[in-house]
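Read through the structure below, which is laid out as structure tokens, and then see the notes.
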Amino acid sequence: MSVETATSAGAAVATPPDERPPLHSGDRLTRAEFARRYALHPEIKKAELIDGVVYVASPTRHRQHGRLHLILVAWLGVYSAATPGVDGSNNATVLLDLENEHQPDALLRLEPIHSGRSRVTRDDYIEGPPDLIVEVAASSAAYDLHDKKRVYARSGVQEYLAAQAYERRVDWWELREGVFTPLPLEADGTLRSRVFPGLWLDPAALWAGDAAALLATLQRGLADPAHAAFVERLRRAEQGAA
């Protein structure tokens, strides 16, 4: 199979497989070169550039990643649908700086009009730090819990949630003075976002694979007066910008 790349004149030319520059975990590249090579390898489904180092994802397992990912995306999707002004995405490319091009499992973001620090570029990527990033990590040894976490804090991601499949543990941090600080577990066993009022998570339901219970907890958060006040604040900001 050949891959078409654009020449400087705008015409497309075929690049034979044996002439494509490789893209391997551990390669050290600029973001521009990483993006060029990634585009030449459609067989690679997920690769990220973290502080200038390439990470090519391994095949994804169902129970350890795929199922958790699906439930968390559904959770974020329901919240976004109930909160006009909140934007979400699944596996979208995020451009953080010249050495970091990530593809987080899921995210929520606010537009700059709502004090968000990310934007959607003309070529439909997210540039700048989203307000919440969610990752499913195979274990506490995964780079999600170390390299990525440092980059997210440095870049100004306001909240970071990591679901660790082997440990059956959820860590949810908020950024305080440039450092990620754990959000407290509430008396009812929920974790609750500070950036997105009403976004409540029941870790026990997540690990049980009980999507209905997870969404029931979210509905309690959406019924909380803090969520209604947040929606009203977003609405007023939109009206003020009109």
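To convert, note that position 141 of the sequence shown is 141 in my numbering; the numbers rise steadily by one, no gaps.
Each residue gets a CB set at the ideal place from its N, CA and C atoms; glycine is no exception.
Where DSSP assigns a beta bridge to residue i, which residues make up the other side?
i, result
"Thr181", "Glu174"
"Asp243", "Because the chain in this structure spans residues 1 to 242, residue 243 falls outside the shown range and cannot be described."
"Gln164", "Ala137, Arg169"
"Arg192", "Trp200"
"Leu108", "Gly88, Leu132"
"Tyr55", "Glu48"
"Glu127", "Leu95, Arg119"
"Glu159", "Leu132, Glu174"
"Arg28", "Val53"
Quick one: is residue i buried, meaning 16 or more other Cβ sit within 10 Å of its Cβ, or exposed?
i, result
"Tyr166", "exposed"
"Ser25", "exposed"
"Asp123", "exposed"
"Gly240", "exposed"
"Thr181", "exposed"
"Ile71", "buried"
"Gly178", "exposed"
"Ile133", "buried"
"Asp250", "Outside the displayed span of the chain (1 to 242) sits residue 250, for which this structure offers no information."
"Gly66", "exposed"
"Pro129", "buried"
"Ala205", "buried"
"Ala11", "Because Ala11 carries a pLDDT of 34, less than 50, the predicted location of this residue cannot be relied on, and the following value inherits that uncertainty. Exposed is the call here."
Report back the beta-carbon spacing between residue i and residue j to the nearest angstrom; my notes put them in contact at under 8 Å.
i, j, result
"Ala35", "Glu101", "7 Å"
"Asp202", "Leu214", "6 Å"
"Glu135", "Pro112", "Not quite, the Cβ-Cβ distance comes to about 24 Å (not below 8 Å), so this is no contact."
"Glu159", "Glu174", "5 Å"
"Ser155", "Asp224", "29 Å between Cβ atoms; not a contact."
"Gly88", "Leu107", "7 Å"
"Leu95", "Tyr125", "6 Å"
"Glu99", "Asp171", "Actually they do not touch by this definition, with Cβ atoms about 25 Å apart."
"Trp200", "Arg176", "Not confirmed; about 20 Å, so no contact."
"Ala39", "Leu222", "So it is not a contact: roughly 40 Å between Cβ atoms."
To the nearest angstrom, how far is the alpha carbon of residue i from that of residue j?
i, j, result
"Ala57", "Lys46", "6 Å"
"Gly85", "Leu29", "36 Å"
"Asp27", "Asn91", "22 Å"
"Leu49", "Arg20", "18 Å"
"Tyr152", "Thr93", "14 Å"
"Leu218", "Gly209", "15 Å"
"Tyr79", "Gly116", "17 Å"
"Arg109", "Arg233", "15 Å"
"Trp207", "His69", "12 Å"
"Ala138", "Ala163", "8 Å"
"Arg37", "Arg61", "26 Å"
"Lys148", "Val231", "30 Å"
"Gly198", "Arg192", "7 Å"
"Arg31", "Glu43", "19 Å"
"Glu33", "Arg194", "37 Å"
"Ser118", "Phe196", "16 Å"
"Val120", "Leu145", "26 Å"
"Ala211", "Ala229", "26 Å"
"Arg236", "Tyr55", "42 Å"
"Ala74", "Glu238", "26 Å"
"His41", "His227", "43 Å"
"His256", "Val157", "The structure shown has nothing for residue 256, since the chain only spans 1 to 242."
"Arg169", "Pro22", "36 Å"
"Val53", "Asp131", "24 Å"
"Pro59", "Leu161", "22 Å"
Counting only runs of 4+ residues fully inside the stretch 203-236, write out the alpha helix (DSSP H) ranges in chain order. Correct list: 203-208, 211-222.
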